[in-house]
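Okay, so here's the structure we're looking at.
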Amino acid sequence: MLLVRAGYRARKQFRDELREHDRMINHAFDLQIANEGKFAQYEERFIRNEERFARNEKRFALLVESQANTDRRLNSLIEIIKEGRNGDSTHGDEHS
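Residue numbers (the numbering used here): 465 to 560.
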């Protein structure tokens, strides 16, 4: 009778341990699935950020070009004003 009870206890303990291992494995699977979802979200964010960076690079290039054009036009205007102040009256005498 003791042998039967010992066998019963051992089988019950074995089944309990199996259930606990199954629970732990299922929990690990759930965590892995959640992590994969998060990694997919991070990958999407990374791709969107790369696209934004590329658009900003184009915008900065256009801004630099626009600034250079503005600088050239401003320098031309400054030269015209300097010529007028230095007594270049050839244009001014024509109207008198």
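Ideal Cβ placement from N, Cα and C applies to all residues, glycine included.
The alpha-carbon separation between Gly548 and Arg512 amounts to approximately 54 angstroms. A direct Cα-Cα distance of roughly 43 angstroms separates Ala532 from Phe503. Shown here for Tyr506: not one same chain residue has a beta carbon closer than 8 angstroms to its own, the five before and five after excluded.
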